[in-house]
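Residue numbers (the numbering used here): 47 to 249.
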Amino acid sequence: MPLNERDRIEILMMIGVGDRMRTQQEVCRLFHEMHPDREPVSQSTVSRIERKYRELGHVRDAPRQGRPKINENVQQDVILSALENPHCTVRQVSRDLNIGKSSVSNIFKKVKYHPYRVRLIHELAEDDFDRRTEFCEYMMDHNNQNNGFIANILFSDEATLWKLAVGPANFKSLQVMPLGEFETNRHTTQVPTGAEKTGVAYN
47 MPLNERDRIE
57 ILMMIGVGDR
67 MRTQQEVCRL
77 FHEMHPDREP
87 VSQSTVSRIE
97 RKYRELGHVR
107 DAPRQGRPKI
117 NENVQQDVIL
127 SALENPHCTV
137 RQVSRDLNIG
147 KSSVSNIFKK
157 VKYHPYRVRL
167 IHELAEDDFD
177 RRTEFCEYMM
187 DHNNQNNGFI
197 ANILFSDEAT
207 LWKLAVGPAN
217 FKSLQVMPLG
227 EFETNRHTTQ
237 VPTGAEKTGV
247 AYN
């Protein structure tokens, strides 16, 4: 159990002054007799407390290191950023307000704002089933003719592009804060009207 300032002062009084000073071993034994329900202190602890008092004149804790706490004005700025732009990301707010990403996340968590990542769902058109069958047959025929055919193709998880597509291009970094309409409807769809799907393969 860590010692507080009052415990350290008590240990200093047990050490004494002048010709009535106790040894570190005697102080440890006396402290244990005074507080039998607590963990005994070690001689190194007594020595450290005595040395700190001689050097600094007190036994208070040193000021804690670390970042200062976020004040209320900064918290309001973070919340307003999400209200004004529900599509903002933690990284964007952190960069705009010049505060740490962890601080932004903690503020959002405090007010129960949760980022939702947009998931790209591939919609199947009526003739996509036939196209998939044709693609499988095409790949099987070429692989039978050339065993190294598959090895020369680089497959990507972003193999479907939209011509004349609307909306964000980077779906992995897109986030939506559940504000306004998203509080009641957290499922939203985006249909690229007139967009044509294009497959990409690399040789």
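A virtual CB, placed ideally from N, CA and C, is assigned to each residue, including glycine.
Since we're looking at a predicted model, the values are computed, not measured.
Compute the beta-carbon to beta-carbon distance between residue i and residue j, rounded to the nearest angstrom, for a pair I have assumed lies under 8 angstroms.
| i | j | result |
| --- | --- | --- |
| Met80 | Arg68 | Actually they are not in contact, since the Cβ atoms of Met80 and Arg68 sit about 13 angstroms apart, beyond 8 angstroms. |
| Ser93 | Gln70 | 6 angstroms |
| Val120 | Ile145 | 6 angstroms |
Using CA atoms only, rank isn't needed, just tell me which of the options is closest to residue i.
| i | options | result |
| --- | --- | --- |
| Phe77 | Thr91, Arg66 and Asp65 | Thr91 |
| Asn117 | Gly103, Tyr99 and Leu143 | Leu143 |
| Pro132 | Lys156, Val105, Glu172 and Pro161 | Pro161 |
| Tyr99 | Val63, Cys74 and Lys147 | Val63 |
| Lys156 | Glu183, Gln122 and Asp65 | Gln122 |
| Glu51 | Leu58, Val87, Arg106 and Pro86 | Arg106 |
| Arg54 | Arg84, Gly146 and His104 | His104 |
| Val124 | Glu101, Arg97, Ile196 and Asn152 | Asn152 |
| Leu58 | Arg84, Glu85, Arg97 and Pro86 | Arg97 |
| Tyr159 | Arg165, Glu180, Glu183 and Cys134 | Cys134 |
| Gln89 | Leu102, Asp83 and Val73 | Val73 |
Provide the residue span of the alpha helix (DSSP H) that contains residue i, from first to last.
| i | result |
| --- | --- |
| Cys182 | Asp174 to Gln191 |
| Glu118 | Glu118 to Glu130 |
| Val136 | Val136 to Leu143 |
| Phe77 | Gln70 to Met80 |
| Arg84 | Unbroken run through Arg84: none, as it is neither H nor E. |
| Phe195 | Premise fails: Phe195 is in no alpha helix (DSSP H) and is neither H nor E. |
| Asp53 | Glu51 to Ile61 |
| Glu169 | Glu169 -> no alpha helix (DSSP H), and no H or E assigned at all. |
| Arg94 | Gln89 to Leu102 |
| Val157 | Counting along the chain, Val157 falls outside any alpha helix (DSSP H), and DSSP gives it neither H nor E. |
So does residue i have its beta carbon nearer than 7 angstroms to some heavy atom of the ligand COA?
| i | result |
| --- | --- |
| Pro132 | This structure simply doesn't include the ligand COA, nor any ligand for that matter. |
Three or more C-beta pairs under 8 angstroms: does that hold for the stretch 132 to 141 against the stretch 172 to 184? Judged by Cβ distances under 8 angstroms, the stretch 132 to 141 makes no contact with the stretch 172 to 184, as fewer than three pairs qualify.
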